[in-house]
Amino acid sequence: MSSRKGAFRNSPPSVNFFTSVDEENSDLSEAATVERAEERRLEQLKRMSAQDNATLKSVDSEIFDNGPFQQGFHSSGVNGHVVSSPFEISHYPIEIQENKIALQRQISHRARLESSTCQERDLMCLSPLSGHGIAEELERECLSPQHIEMHTFRDAIDVNYQRMALTGEELSGVPLEDLKTASALIIEALKLREEYMDRIGCHFPATTKHFLSGHFPRNLPKYRKKNTEQNVEPPVEPPRASPDDLDGVGAANTSFHPPEPPVDHWGLNDPLPTFPVVYRLERKHGVTQILGADGELVDTFRPYYISKDKFLKDTERLIFMITDGPLKSFCYRRLKYLENKFQLHVLLNELRELHEQKSVPHRDFYNIRKVDTHIHAASSMNQKHLLRFIKKKMKTEADTVVLEKNGKQTTLREVFEGLGISAYDLSVDMLDVHADRNMFHRFDKFNAKYNPVGESTLREIFIKTDNFVDGKYFAEVLKEVLSDLEDSKYQQTEPRLSIYGRSKDEWDKLAHWAISHDVWSPNARWMVQIPRLYDIYKAKKMIKNFDVILDNVFTPLFEVTNDPASHPDLHRFLQMVSGIDSVDDESKHEYVQFDRSTAQPEFYVDSENPPYSYYLYYMYANITVLNAFRRARGLNTFALRPHCGEAGHVNHLVAGYLTSESISHGLLLRKVPVLQYLFYLSQMGIAMSPLSNNSLFISYNRNPLPEYLMKGLNVSLSTDDPLQFHFTKEALMEEYSIAAQVWKLSSCDMCELARNSVLQSGFEDKVKIHWLGPSYREEGVIGNDVSRTNVPDIRVSYRYEAMVDELTNLFRTKHL
Ligand SMILES: [Zn+2]
Numbered sequence: 001m002s003s004r005k006g007a008f009r010n011s012p013p014s015v016n017f018f019t020s021v022d023e024e025n026s027d028l029s030e031a032a033t034v035e036r037a038e039e040r041r042l043e044q045l046k047r048m049s050a051q052d053n054a055t056l057k058s059v060d061s062e063i064f065d066n067g068p069f070q071q072g073f074h075s076s077g078v079n080g081h082v083v084s085s086p087f088e089i090s091h092y093p094i095e096i097q098e099n100k101i102a103l104q105r106q107i108s109h110r111a112r113l114e115s116s117t118c119q120e121r122d123l124m125c126l127s128p129l130s131g132h133g134i135a136e137e138l139e140r141e142c143l144s145p146q147h148i149e150m151h152t153f154r155d156a157i158d159v160n161y162q163r164m165a166l167t168g169e170e171l172s173g174v175p176l177e178d179l180k181t182a183s184a185l186i187i188e189a190l191k192l193r194e195e196y197m198d199r200i201g202c203h204f205p206a207t208t209k210h211f212l213s214g215h216f217p218r219n220l221p222k223y224r225k226k227n228t229e230q231n232v233e234p235p236v237e238p239p240r241a242s243p244d245d246l247d248g249v250g251a252a253n254t255s256f257h258p259p260e261p262p263v264d265h266w267g268l269n270d271p272l273p274t275f276p277v278v279y280r281l282e283r284k285h286g287v288t289q290i291l292g293a294d295g296e297l298v299d300t301f302r303p304y305y306i307s308k309d310k311f312l313k314d315t316e317r318l319i320f321m322i323t324d325g326p327l328k329s330f331c332y333r334r335l336k337y338l339e340n341k342f343q344l345h346v347l348l349n350e351l352r353e354l355h356e357q358k359s360v361p362h363r364d365f366y367n368i369r370k371v372d373t374h375i376h377a378a379s380s381m382n383q384k385h386l387l388r389f390i391k392k393k394m395k396t397e398a399d400t401v402v403l404e405k406n407g408k409q410t411t412l413r414e415v416f417e418g419l420g421i422s423a424y425d426l427s428v429d430m431l432d433v434h435a436d437r438n439m440f441h442r443f444d445k446f447n448a449k450y451n452p453v454g455e456s457t458l459r460e461i462f463i464k465t466d467n468f469v470d471g472k473y474f475a476e477v478l479k480e481v482l483s484d485l486e487d488s489k490y491q492q493t494e495p496r497l498s499i500y501g502r503s504k505d506e507w508d509k510l511a512h513w514a515i516s517h518d519v520w521s522p523n524a525r526w527m528v529q530i531p532r533l534y535d536i537y538k539a540k541k542m543i544k545n546f547d548v549i550l551d552n553v554f555t556p557l558f559e560v561t562n563d564p565a566s567h568p569d570l571h572r573f574l575q576m577v578s579g580i581d582s583v584d585d586e587s588k589h590e591y592v593q594f595d596r597s598t599a600q601p602e603f604y605v606d607s608e609n610p611p612y613s614y615y616l617y618y619m620y621a622n623i624t625v626l627n628a629f630r631r632a633r634g635l636n637t638f639a640l641r642p643h644c645g646e647a648g649h650v651n652h653l654v655a656g657y658l659t660s661e662s663i664s665h666g667l668l669l670r671k672v673p674v675l676q677y678l679f680y681l682s683q684m685g686i687a688m689s690p691l692s693n694n695s696l697f698i699s700y701n702r703n704p705l706p707e708y709l710m711k712g713l714n715v716s717l718s719t720d721d722p723l724q725f726h727f728t729k730e731a732l733m734e735e736y737s738i739a740a741q742v743w744k745l746s747s748c749d750m751c752e753l754a755r756n757s758v759l760q761s762g763f764e765d766k767v768k769i770h771w772l773g774p775s776y777r778e779e780g781v782i783g784n785d786v787s788r789t790n791v792p793d794i795r796v797s798y799r800y801e802a803m804v805d806e807l808t809n810l811f812r813t814k815h816l
């Protein structure tokens, strides 16, 4: 038995029928041996049929009988074991099992050879088997009339599953000329995004980058080794976190959990960094200028300034593209193709994916990392939680002064007496913060729901950071939310805190609030949201022009980067801030257009709100310079991750595509195939909240999330506002649970969404390597660690190969 095992291992089972011992020992590669045997087998079969062999065999039995337990096998020295006749279907259980395995191997060998044959021709396909010794075989294979040229990319790391490939000349469903024009436009749009992301220092996928630079498809990696534990290269991109924290990444201490954070997590005992040069800061055309001693822009930062004209020109170009008829149909077809291809992939590989997931010990959907990529701090608790908290405060702190109006101080008891409510009366119904069906398409009503019991005083007392009690209650309730998350361990969150831009000390107050109340958790990284409320401040005469808002929002950030000692708390707080968000009702009509005639921010005194893209452009323009400045000083940088495409005009998405690392919502993408395809090719993150959308803009069953997911867009699930939309303590799980049930998501889909959420999040590299694996930045299978993510390699491989296929299809026209 042992010798049989040995023989079985040394030679591929499908070879044995016609292979002599000599050949088995020859030094031909395994693949070549298989290939030769395969040919001989075919010859033999031909001969058999020519001789009108009386033995009748079905096609299936031919393949099945060509397994290891056959007469030919015995000739290699093994004997005495009873097996089925070579002309019968195997009926011993072990034979059936072994034959199935043999068949699988045979099919995968064949597929591999086919793809490497293509590579010999046009270098578009790759296989680890390509090399010396089999070239002639491949040549012959190419010439054989049965050979079909397969246009598909195959990752050098071999994952065994059923792939689909296309044959024939026309590969894109449109005439060659259309393909050429379409790809030229798509490539141009991708280049634009690459340029904008490079400037701000945000993520752009390496594969697409390589295609743009001309490095791919010619140099697609021929040999890649998957190693999830060692030889970890430090991340290529500049880290979000302070770089000293990245020490030790090379050593890759890759336990499944990040190391315990220091007790002094705000770094209160660490001295503030000092820098030799302190620059002069000045505001000009809505952007902070970093000036040297000579009063000129510092050269290092000069490339990071972007002009309004350039942005407008690029926007116009993109708007031309999204309305271009042929391009629209091209993108629509590609997206439909991707969607259907995924459905076929699932049809063929669902069981294998499931099996791969099951074979990972310990890991399941509950203990993989998932990040709530879009949630507002003010509504991060659910209604029951807020109710309980308010009741508790009414019982224990009724005599605390919580408000001061016109010099008159009011206690909590007096506030509730004024409302005519006792602690006993108060119920979730009375709190009335939950979304109801009257809110559909009524963002104004939704905003009003932030006021418990319909009273802005309660909102002021309980969910504001800057009030008479110094945001004490808000801090307490948030810390309860964070502590619940820590208990659940695998759920992380990125809550948004507000900076309004009404006064310059808002940042300092916010930082002081966070640090003095110690609102901190290893499960959270803060985001800062800037509401687009210029028109309201203007009407209330709080500000003179638009630049006042920009000045209040960005100048403190430049100052603290220039000299951390100028805002010590802010310096520490910013280390826990990963990104900046832009929020408000997108469905509001925009009365002003952003074009060359639109006033610069310092001259913008209109009573109407500036348009969405105006806000986004000035935020982008400031953040690019700020990030360059902070990078130069070794500080963490910020990503722009606005709410975008929830409602309103599709131009919002164009601005988002150029300026933002990822967006929240993206519902309107369903109407813009060109942008959707671009989002796919640049793997832009979309944090979607179908439950929130269901209450506000689009009913659950029409939400485009499942469609995006099928096409391979980088989508994640998030809660938006648990206070208004969720019923349970674990809002994020509620979101996943409903999505899984309504859309029948498989466990693999859910894990993929969770992995996307971690990738999109602003957690530092040093944390993500523990959650996703040390090579997580690599694209394709090599970056996936199934023991951490529970996403099967099959799924990741499918996504990667589909993406490279799309890009190859687009870029090959360059050489035609
Ligand atoms: Zn939101």
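Numbering-wise, the sequence shown is residues 1 to 816 according to full-length UniProt numbering.
Yeah, the Cβ is synthetic: ideal placement off N, Cα and C, and Gly gets one too.
Legend entry - Close Cβ partners of K464 (< 7 Å) along its chain, the five nearest in sequence each way excluded: Along the sequence shown, one-based indexing puts residue 464 at 464. Cβ within range, chain order: G471, F474.
Inset, instruction - Below 8 Å CB to CB, which residues in the same chain sit around M164 once its five sequence neighbours on both sides are set aside? - result: Position 164 of the sequence shown, counting from 1, holds the residue named residue 164. Counting only Cβ-Cβ distances below 8 Å, and skipping sequence neighbours, we find T152, K341, L344, H345, L348.
Legend entry - Straight-line gap, E418 to I549 (C-alpha atoms, nearest Å): One-based indexing of the sequence shown puts residue 418 at position 418. One-based indexing of the sequence shown puts residue 549 at position 549. Just to set this straight, residue 418 is Gly in the shown sequence, not Glu. Those two C-alpha atoms are separated by around 35 Å.
Legend entry - D581 - DSSP class collapsed to helix/strand/coil: Counting from one through the sequence shown, the residue named residue 581 turns up at place 581. Residue state, collapsed to three classes: strand.
Inset, instruction - Using a threshold of 8 Å, state whether the C-beta atoms of S695 and A435 are closer than that. - result: As a first step, residue 695 must be located in the sequence shown, where it is residue number 695. As a first step, residue 435 must be located in the sequence shown, where it is residue number 435. Cβ distance < 8 Å, so S695 and A435 count as in contact.
Legend entry - For P262, the residue or residues it bridges with in DSSP: As a working mapping, residue 262 is identified with position 262 in the sequence shown. For P262, which the question treats as bridged, DSSP gives no partner whatsoever.
Inset, instruction - May I ask you to verify whether the region 570-586 touches the region 280-293, counting CB pairs closer than 8 Å and requiring at least 3? - result: no
Inset, instruction - Put K744 into one of helix, strand or coil per three-state DSSP. - result: Within the sequence shown, the letter at position 744 stands for residue 744. Three-state DSSP puts K744 in coil, outside helix and strand.
Inset, instruction - Tell me whether G214 is buried or exposed, calling it buried when 16 or more other Cβ atoms sit within 10 Å of its Cβ. - result: The residue given as residue 214 occupies position 214 in the sequence shown. Exposed.
Inset, instruction - May I ask whether a heavy atom of ligand 1 can be found less than 7 Å away from the beta carbon of V433? - result: As a position in the sequence shown, residue 433 is number 433, starting the count at 1. Not so, every heavy atom of ligand 1 lies at least 7 Å from the Cβ.
Legend entry - For R496, the residue or residues it bridges with in DSSP: The sequence position of residue 496 within the sequence shown is 496, counting from 1. Partner(s): H376, M527.
Inset, instruction - Rounded to whole angstroms, what's the CA-CA distance from A599 to A539? Just pull it up for me. - result: Position 599 of the sequence shown, counting from 1, holds the residue named residue 599. Position 539 of the sequence shown, counting from 1, holds the residue named residue 539. Roughly 18 Å between the two C-alpha positions.
Legend entry - Contacting residues, own chain, Cβ-Cβ under 7 Å from H257 (five flanking each side not counted): As a first step, residue 257 is located in the sequence shown; it is residue number 257 there, counting from the start. Here the set comprises H770.
Inset, instruction - Helix, strand or coil for I404, going by three-state DSSP, please let me know. - result: For the purposes of this step, residue 404 is taken as the residue at position 404 of the sequence shown. The question names Ile, but residue 404 is Glu in the sequence shown. In the structure shown, E404 sits in a strand (DSSP, three-state: E or B).
Inset, instruction - Using a threshold of 8 Å, state whether the C-beta atoms of Y736 and L717 are closer than that. - result: Here residue 736 corresponds to residue number 736 of the sequence shown, with the count starting at 1. Here residue 717 corresponds to residue number 717 of the sequence shown, with the count starting at 1. Yes; because the gap between Cβ atoms is below 8 Å, this pair is in contact.
Inset, instruction - Give the DSSP-derived three-state secondary structure of A647 in the structure shown. - result: The sequence position of residue 647 within the sequence shown is 647, counting from 1. If DSSP states are grouped into helix, strand and coil, A647 belongs with coil.
Inset, instruction - Spatial neighbours of D432 within its chain, please: CB distance less than 7 Å, with the 5 preceding and 5 following residues excluded, ordered by chain position. - result: What you label residue 432 is simply residue 432 of the sequence shown in a count that begins at 1. Hits under 7 Å: V453, G454.
Inset, instruction - Look up G685 in the DSSP assignment and say whether it is helix, strand or coil. - result: For this step, residue 685 is matched to residue 685 along the sequence shown. Reduced to three states, the DSSP call for G685 is strand.
Inset, instruction - Just the C-alpha distance for F216 and E506, rounded to the nearest angstrom, thanks. - result: Residue 216 sits at position 216 when you count from the first residue of the sequence shown. Residue 506 sits at position 506 when you count from the first residue of the sequence shown. For F216 and E506, the distance between alpha carbons rounds to 48 Å.
Inset, instruction - Say yes only if the C-beta of D720 is nearer than 7 Å to one or more non-hydrogen atoms of ligand 2, and no if none qualify. - result: You won't find ligand 2 in this model; what it holds is ligand 1.
Legend entry - Buried versus exposed call for R302 [16 or more other C-beta atoms within 10 Å across all chains shown]: Numbered from 1 along the sequence shown, position 302 holds the residue referred to as residue 302. Under this definition R302 is an exposed residue.
Inset, instruction - Report the rounded CA-to-CA distance for V428 versus K191, giving the unit in angstroms. - result: For this step, residue 428 is matched to residue 428 along the sequence shown. For this step, residue 191 is matched to residue 191 along the sequence shown. Near 51 Å, if we compare the C-alpha coordinates of K191 and V428.
Legend entry - Coarse secondary structure for N714, derived from DSSP in three states: On the sequence shown, position 714 is the one that residue 714 refers to. In the structure shown, N714 sits in a strand (DSSP, three-state: E or B).
Legend entry - Endpoints, the alpha helix (DSSP H) within which L426 is located: Stepping through the sequence shown from its first residue, residue 426 is reached at position 426. That residue, L426, is in no alpha helix (DSSP H); it is neither H nor E in DSSP.
Inset, instruction - Let me know the secondary structure DSSP gives S664 once reduced to three states. - result: One-based indexing of the sequence shown puts residue 664 at position 664. Of the three classes helix, strand and coil, the one that applies to S664 here is strand, per DSSP.
Inset, instruction - Using only the heavy atoms of ligand 1, determine whether one of them is closer than 7 Å to the beta carbon of H203. - result: Here residue 203 refers to the residue found at position 203 of the sequence shown. No, since every heavy atom of ligand 1 falls outside the 7 Å radius drawn around the Cβ of H203.
Inset, instruction - Indicate, with yes or no, if ligand 1 has a heavy atom lying under 7 Å from the CB of S664. - result: Here the question's residue 664 lines up with position 664 in the sequence shown. Yes, the beta carbon of S664 sits closer than 7 Å to at least one heavy atom of ligand 1.
Inset, instruction - In angstroms with no decimal places, state the Cα-to-Cα distance between S503 and D466. - result: The count along the sequence shown starts at 1 and reaches residue 503 at position 503. The count along the sequence shown starts at 1 and reaches residue 466 at position 466. Cα to Cα, the separation comes out at about 12 Å.
Legend entry - From L668, F727, E707, V715, residue whose alpha carbon lies closest to that of I698: Looking up residue 698 in the sequence shown gives position 698. Cα-wise, what sits closest to I698 is L668.
Inset, instruction - With hydrogens ignored, establish whether the beta-carbon of V583 is closer than 7 Å to any heavy atom of ligand 1. - result: Position 583 of the sequence shown holds residue 583. Correct: V583 has its Cβ closer than 7 Å to ligand 1.
Legend entry - Complete runs of the alpha helix (DSSP H) confined to the region 539-608 [at least 4 residues]: 546-562, 568-574
Legend entry - Distance CB(F204)-CB(L807) smaller than 8 Å: Position 204 of the sequence shown holds residue 204. Position 807 of the sequence shown holds residue 807. No, they are not a contact pair.
Legend entry - contact_flag[the region 794-802, the region 386-400] where n(CB pairs < 8 Å) is 3 or more: no
Inset, instruction - State the CB to CB distance for the pair G656 and G645, rounded to an integer number of angstroms; the pair is presumed to be in contact (CB under 8 Å). - result: If you number the sequence shown from 1, residue 656 lands on position 656. If you number the sequence shown from 1, residue 645 lands on position 645. That pair is a contact at about 7 Å.
Legend entry - Buried versus exposed, by CB contacts within 10 Å (16 or more), residue 822: Nothing about residue 822 can be reported from this structure: the residues present for the chain run from 1 to 816 only.
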